[in-house]
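Below is one structure, written out as structure tokens; comments come after it.
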Amino acid sequence: MRTPTNIATALACLLGLAAAQNPCITTCTDLPDGDYQSCNGCKVYATCWHGQIFDDRPCVGDTLWDDSFKHCELSSATCTPTTCVSNCNGMADGNYESCNGCNVYVTCHAGNIIDNRPCPAGLVFNSNTKGCDHKSPSCP
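Going by this note's numbering, the first residue of the sequence shown is number 163, and it counts up by one from there.
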């Protein structure tokens, strides 16, 4: 009998497999012209045209890029949005929510990560303002 935990684990495996089969791109070297999964998040995509990359092309509304359909959709099998950052590969420079808790944050610079940067006492990282605040949409 399947339990919710088993179903969730199976779904996570399938999403991971889909993501592994459709990795994000940061360059168009050796790729045909077309649209691809961006490494800058699920709400944007990249276009390759004559070897050049045009990244951060926005999906409309609340849609997410699905690389298997090569289109923005209401849900995606190839990109799972996360609010926290544990790796800065392909990320734009800036501050992001850490996966290590709400009272710390990550700074990405040139693909390198500086994690566990502390917020002042009593504050949490707010991913909307990209700074420490009294409230955060993703941290209680």
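Don't be surprised by glycine CBs; every beta carbon is placed ideally from N, CA and C.
Three or more C-beta pairs under 8 Å: does that hold for the stretch 228 to 237 against the stretch 255 to 264?
no
Expected contact under 8 Å - CB spacing of isoleucine 215 and cysteine 201 to nearest Å:
With a Cβ gap of about 10 Å, isoleucine 215 and cysteine 201 do not count as contacting.
Buried or exposed for valine 286, going by 16 or more other Cβ atoms inside 10 Å?
buried
Could you work out which residue in Pro282, Ala283, Cys261 and Cys281 is closest to isoleucine 275 when comparing CA atoms only?
Cys261
With a threshold of 16 other CB atoms inside 10 Å of the CB of valine 222, please say whether the residue is buried or exposed.
exposed
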